[in-house]
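Only one structure is covered here, and it is reproduced in the block below.
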């Protein structure tokens, strides 16, 4: 049951939409195709174990870590104004 002026199920709709957005974002970052033998950023060799474990890998561990840190800093825009984002 939703409260105030919202209809029943509105809260669940917001949760579902947030989860769907997160899944779309995660899928957009998945690699496709053949793995590279050398990092496309720094040209370091990518170990066979990494290439087998992550199909389509294009970056060495160091460059991948840097990329993930950059992405983490750009998150946080909350269009739906959930309570969780207001508590951070």
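Numbering (my numbering), first residue to last: 47 to 134.
Heads up, the beta-carbon is just placed ideally off N, CA and C, and yes, glycines get one too.
- Between residue 86 and residue 113, the C-beta gap is not smaller than 8 Å, which leaves the two residues out of contact.
- 99 is the residue among 67, 99 and 61 whose C-alpha sits nearest the C-alpha of residue 81.
- Taking the CA atoms as reference points, residue 66 sits about 33 Å from residue 83.
- Residue 69 counts as exposed, since fewer than 16 other C-beta atoms from the protein chains shown sit within 10 angstroms of its C-beta.
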